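Residue 271, in the working numbering, is where the sequence shown stops; the numbers in between run on with no holes.
Ideal Cβ positions, reconstructed from N, Cα and C, are used throughout, including at glycine.
On a predicted model such as this, the values are computed, not experimentally measured, just so you know.
Quick notes on the structure that follows.
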Amino acid sequence: MAFAIIGHRGAMAEAPENTIASYRVAEEVGVDEVETDVRISSDGQLFMLHDATLDRVAAEPDGKDLGPVAELTWAKISSVDVGDGERVPTLEQMYQATTRLIQLEIKALGAIDGLADFFPHHPDYAKRTILTSFSVEAMAAVAEKLPEIPRGIIVSNWTDAEAHPGGYRKLIEDTGSSRIHSGGQGLTAEVVHRLHDEDVPVHGWPTRNADDLRHWLELGVDGTTTDDPRTLRRWLAEARR
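So, in C-alpha coordinates, the structure goes:
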(Lines of atoms letter the chains of each structure in order from A and count residues from 1; the text may use other names and numbers.)
(Lines give C-alpha, C1' and ligand atoms only; values in the text may rest on other atoms or scores of the structure.)
Protein backbone atom coordinates (compact mmCIF):
# COMPACT_ATOMS: atom_id res chain seq x y z
CA MET A 1 0.00 0.00 0.00
CA ALA A 2 1.27 3.47 -0.84
CA PHE A 3 2.05 5.58 2.22
CA ALA A 4 2.10 9.35 1.81
CA ILE A 5 4.79 11.50 3.41
CA ILE A 6 3.54 15.01 4.16
CA GLY A 7 6.02 17.76 4.97
CA HIS A 8 4.70 19.78 7.91
CA ARG A 9 4.96 23.49 7.09
CA GLY A 10 7.39 22.38 4.42
CA ALA A 11 10.35 20.70 6.11
CA MET A 12 10.58 22.73 9.29
CA ALA A 13 13.25 20.51 10.85
CA GLU A 14 15.68 21.87 8.24
CA ALA A 15 14.45 25.40 7.47
CA PRO A 16 12.19 28.04 9.02
CA GLU A 17 8.60 26.83 8.90
CA ASN A 18 6.21 27.97 6.18
CA THR A 19 8.97 29.67 4.18
CA ILE A 20 10.16 29.26 0.62
CA ALA A 21 13.32 27.63 1.97
CA SER A 22 11.25 25.08 3.88
CA TYR A 23 9.07 24.28 0.87
CA ARG A 24 12.15 23.83 -1.30
CA VAL A 25 13.64 21.32 1.13
CA ALA A 26 10.37 19.38 1.15
CA GLU A 27 10.36 19.33 -2.65
CA GLU A 28 14.00 18.21 -2.75
CA VAL A 29 13.28 15.40 -0.28
CA GLY A 30 10.40 14.28 -2.48
CA VAL A 31 7.41 14.56 -0.17
CA ASP A 32 4.04 13.49 -1.51
CA GLU A 33 2.32 16.55 -0.07
CA VAL A 34 3.22 19.83 1.60
CA GLU A 35 1.14 20.95 4.57
CA THR A 36 1.04 24.70 5.13
CA ASP A 37 -1.14 27.37 6.76
CA VAL A 38 -2.94 30.33 5.21
CA ARG A 39 -4.02 33.64 6.75
CA ILE A 40 -4.94 37.08 5.40
CA SER A 41 -3.55 40.54 6.15
CA SER A 42 -5.57 43.64 7.01
CA ASP A 43 -5.23 44.78 3.39
CA GLY A 44 -6.26 41.50 1.83
CA GLN A 45 -3.01 39.65 1.09
CA LEU A 46 -3.15 35.87 1.55
CA PHE A 47 0.05 34.58 3.16
CA MET A 48 1.55 31.57 4.90
CA LEU A 49 1.77 31.59 8.71
CA HIS A 50 0.69 29.18 11.42
CA ASP A 51 0.23 31.44 14.43
CA ALA A 52 -2.07 34.42 14.80
CA THR A 53 0.98 36.61 15.56
CA LEU A 54 4.59 36.73 14.40
CA ASP A 55 5.96 36.54 17.94
CA ARG A 56 7.13 32.91 17.92
CA VAL A 57 8.76 32.91 14.48
CA ALA A 58 10.22 36.44 14.32
CA ALA A 59 14.02 36.28 14.39
CA GLU A 60 14.54 39.81 15.70
CA PRO A 61 12.89 41.85 18.48
CA ASP A 62 11.41 44.33 16.00
CA GLY A 63 9.25 41.52 14.58
CA LYS A 64 7.68 40.71 17.93
CA ASP A 65 4.80 42.30 19.84
CA LEU A 66 3.23 43.65 16.65
CA GLY A 67 -0.17 42.21 17.50
CA PRO A 68 -2.44 39.94 15.47
CA VAL A 69 -1.36 39.57 11.85
CA ALA A 70 -4.98 40.00 10.78
CA GLU A 71 -4.62 43.62 11.90
CA LEU A 72 -1.28 44.21 10.12
CA THR A 73 -0.66 45.32 6.57
CA TRP A 74 1.18 43.03 4.19
CA ALA A 75 4.03 45.54 4.04
CA LYS A 76 4.57 45.17 7.79
CA ILE A 77 4.22 41.36 7.80
CA SER A 78 6.59 40.90 4.86
CA SER A 79 9.24 43.09 6.48
CA VAL A 80 9.79 40.63 9.34
CA ASP A 81 12.70 38.19 9.27
CA VAL A 82 11.31 34.80 10.30
CA GLY A 83 14.69 33.07 10.42
CA ASP A 84 17.76 32.74 8.22
CA GLY A 85 16.75 35.93 6.41
CA GLU A 86 13.49 34.34 5.20
CA ARG A 87 10.28 36.33 4.94
CA VAL A 88 6.67 35.19 5.17
CA PRO A 89 5.63 34.17 1.63
CA THR A 90 2.38 34.98 -0.08
CA LEU A 91 0.02 32.22 -1.11
CA GLU A 92 1.02 32.66 -4.73
CA GLN A 93 4.73 32.56 -3.89
CA MET A 94 4.16 29.29 -2.04
CA TYR A 95 2.49 27.75 -5.09
CA GLN A 96 5.22 29.05 -7.37
CA ALA A 97 7.85 27.37 -5.18
CA THR A 98 6.12 23.97 -5.09
CA THR A 99 4.95 21.23 -7.42
CA ARG A 100 3.40 18.81 -4.91
CA LEU A 101 -0.13 18.43 -3.63
CA ILE A 102 -0.77 21.16 -1.06
CA GLN A 103 -2.61 20.57 2.19
CA LEU A 104 -3.77 24.14 2.70
CA GLU A 105 -4.88 24.60 6.29
CA ILE A 106 -7.23 27.51 6.85
CA LYS A 107 -6.16 29.26 10.03
CA ALA A 108 -8.50 32.25 9.82
CA LEU A 109 -12.12 32.38 8.70
CA GLY A 110 -11.36 35.80 7.24
CA ALA A 111 -9.15 34.16 4.61
CA ILE A 112 -11.99 32.19 3.04
CA ASP A 113 -13.37 34.99 0.86
CA GLY A 114 -9.84 35.70 -0.31
CA LEU A 115 -9.39 32.05 -1.26
CA ALA A 116 -12.72 32.10 -3.08
CA ASP A 117 -11.36 35.00 -5.16
CA PHE A 118 -7.89 33.49 -5.62
CA PHE A 119 -8.55 29.99 -6.89
CA PRO A 120 -10.83 30.78 -9.84
CA HIS A 121 -7.92 32.80 -11.24
CA HIS A 122 -5.45 29.97 -10.54
CA PRO A 123 -7.13 26.71 -11.61
CA ASP A 124 -3.82 24.85 -11.85
CA TYR A 125 -3.13 25.59 -8.18
CA ALA A 126 -6.64 24.51 -7.24
CA LYS A 127 -6.07 21.14 -8.93
CA ARG A 128 -3.22 20.33 -6.56
CA THR A 129 -4.88 21.50 -3.36
CA ILE A 130 -6.82 19.90 -0.54
CA LEU A 131 -8.33 22.43 1.86
CA THR A 132 -8.07 21.50 5.54
CA SER A 133 -8.99 22.91 8.92
CA PHE A 134 -9.84 21.98 12.49
CA SER A 135 -12.85 24.29 12.08
CA VAL A 136 -16.13 22.73 10.97
CA GLU A 137 -17.33 26.25 10.18
CA ALA A 138 -14.37 26.88 7.88
CA MET A 139 -14.80 23.56 6.08
CA ALA A 140 -18.52 24.12 5.59
CA ALA A 141 -17.83 27.59 4.20
CA VAL A 142 -15.26 26.43 1.64
CA ALA A 143 -17.51 23.52 0.69
CA GLU A 144 -20.06 26.14 -0.34
CA LYS A 145 -17.68 28.65 -1.93
CA LEU A 146 -15.08 26.32 -3.45
CA PRO A 147 -16.93 23.02 -3.93
CA GLU A 148 -14.57 21.85 -6.66
CA ILE A 149 -11.56 21.71 -4.29
CA PRO A 150 -11.36 18.60 -2.06
CA ARG A 151 -11.52 19.04 1.69
CA GLY A 152 -10.16 17.15 4.69
CA ILE A 153 -11.24 17.87 8.24
CA ILE A 154 -8.54 17.70 10.94
CA VAL A 155 -9.21 16.36 14.43
CA SER A 156 -6.75 16.35 17.31
CA ASN A 157 -7.92 12.85 18.26
CA TRP A 158 -10.35 10.33 16.82
CA THR A 159 -12.43 10.76 19.97
CA ASP A 160 -13.15 14.33 18.77
CA ALA A 161 -14.60 12.96 15.53
CA GLU A 162 -16.78 10.53 17.43
CA ALA A 163 -17.91 13.35 19.75
CA HIS A 164 -19.20 15.48 16.86
CA PRO A 165 -23.01 15.71 17.01
CA GLY A 166 -24.14 12.73 14.98
CA GLY A 167 -20.70 11.10 15.12
CA TYR A 168 -17.83 10.95 12.64
CA ARG A 169 -20.05 10.28 9.62
CA LYS A 170 -21.95 13.50 10.31
CA LEU A 171 -18.65 15.35 10.72
CA ILE A 172 -17.57 14.17 7.28
CA GLU A 173 -20.96 15.12 5.85
CA ASP A 174 -21.07 18.55 7.54
CA THR A 175 -17.63 19.45 6.21
CA GLY A 176 -17.90 17.80 2.81
CA SER A 177 -14.63 16.03 3.57
CA SER A 178 -13.16 13.41 1.28
CA ARG A 179 -10.38 12.64 3.76
CA ILE A 180 -9.84 12.86 7.50
CA HIS A 181 -6.64 13.78 9.36
CA SER A 182 -6.61 12.41 12.89
CA GLY A 183 -4.44 12.39 15.96
CA GLY A 184 -3.85 9.03 17.58
CA GLN A 185 -6.12 8.88 20.62
CA GLY A 186 -9.00 6.53 19.88
CA LEU A 187 -7.83 5.73 16.37
CA THR A 188 -7.56 1.97 15.89
CA ALA A 189 -6.93 -0.41 13.02
CA GLU A 190 -10.63 -1.29 13.18
CA VAL A 191 -11.61 2.38 12.75
CA VAL A 192 -9.19 2.80 9.85
CA HIS A 193 -10.53 -0.35 8.17
CA ARG A 194 -14.11 0.90 8.57
CA LEU A 195 -13.23 4.27 7.07
CA HIS A 196 -11.50 2.58 4.14
CA ASP A 197 -14.62 0.48 3.60
CA GLU A 198 -16.49 3.79 3.42
CA ASP A 199 -13.94 5.13 0.88
CA VAL A 200 -12.52 7.68 3.32
CA PRO A 201 -8.70 7.88 3.40
CA VAL A 202 -7.14 8.53 6.81
CA HIS A 203 -3.95 10.39 7.61
CA GLY A 204 -2.43 10.07 11.07
CA TRP A 205 -0.46 12.87 12.70
CA PRO A 206 2.07 13.74 13.90
CA THR A 207 5.11 11.50 13.36
CA ARG A 208 8.03 12.57 15.53
CA ASN A 209 9.98 9.32 15.74
CA ALA A 210 10.28 5.83 14.26
CA ASP A 211 7.91 4.39 16.87
CA ASP A 212 5.20 6.82 15.76
CA LEU A 213 5.68 5.67 12.18
CA ARG A 214 5.49 1.99 13.12
CA HIS A 215 2.25 2.73 14.97
CA TRP A 216 0.68 4.38 11.93
CA LEU A 217 1.79 1.55 9.67
CA GLU A 218 0.24 -0.98 12.07
CA LEU A 219 -3.04 0.94 11.98
CA GLY A 220 -3.01 0.99 8.18
CA VAL A 221 -3.38 4.74 7.69
CA ASP A 222 -2.71 6.26 4.28
CA GLY A 223 -0.05 8.78 5.27
CA THR A 224 1.37 10.99 7.99
CA THR A 225 2.66 14.49 8.62
CA THR A 226 6.17 15.16 9.88
CA ASP A 227 8.48 18.10 10.59
CA ASP A 228 11.38 16.05 9.19
CA PRO A 229 10.37 14.32 5.95
CA ARG A 230 13.95 13.42 5.06
CA THR A 231 14.36 11.33 8.20
CA LEU A 232 10.83 9.92 7.87
CA ARG A 233 11.68 8.66 4.40
CA ARG A 234 14.63 6.76 5.92
CA TRP A 235 12.49 5.34 8.74
CA LEU A 236 9.90 4.21 6.22
CA ALA A 237 12.51 2.42 4.11
CA GLU A 238 13.85 0.69 7.24
CA ALA A 239 10.36 -0.33 8.39
CA ARG A 240 9.67 -1.98 5.04
CA ARG A 241 12.81 -4.14 4.98
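Taking the C-alpha atoms as reference points, what is the distance between residue i and residue j?
i    : j    : result
A267 : K175 : 40 Å
Y198 : V61  : 29 Å
R260 : R270 : 16 Å
D147 : D241 : 42 Å
D154 : R69  : 21 Å
P150 : A127 : 20 Å
M42  : T256 : 9 Å
Suppose the cutoff is 6 Å on Cβ atoms and the five residues either side in sequence are ignored; what does the same chain contact list for residue i look like?
i    : result
E90  : D111
G37  : A56, V61, V64 and P259
M169 : S163, R181, I183 and T205
Please name the residue or residues paired with residue i in a DSSP beta bridge.
i    : result
E203 : E203 pairs with nothing; no bridge assigned.
Q133 : E65 and I160
T254 : I35 and G234
R117 : D111
In the DSSP assignment, the alpha helix (DSSP H) including residue i goes from what residue to what residue?
i    : result
G234 : Element bounds for G234: not the alpha helix (DSSP H) but the beta strand (DSSP E), V232 to G234.
V55  : I50 to V59
I179 : Element bounds for I179: n/a, residue is neither H nor E.
Determine the closest residue to residue i out of the options, with distance taken between C-alpha atoms.
i    : options                   : result
A191 : L217, E228, L134 and S208 : L217
I50  : S109, R117 and A82        : R117
V185 : A173, K200 and S163       : S163
A183 : T189, G196, P195 and G206 : It is Ile, not Ala, that sits at residue 183 in the sequence shown. Closest option to I183, Cα to Cα, is G206.
T83  : A100, D92 and L145        : A100
D92  : G113, E220 and H223       : G113
G234 : E220, I35 and V251        : V251
Output the boundary residues of the beta strand (DSSP E) element that contains residue i.
i    : result
M78  : L76 to M78
R209 : R209 to S212
Does any residue of chain B have a CB that is nearer than 7 Å to the CB of residue i?
i    : result
A105 : The question asks about chain B, but that chain is absent: this structure has only one protein chain.
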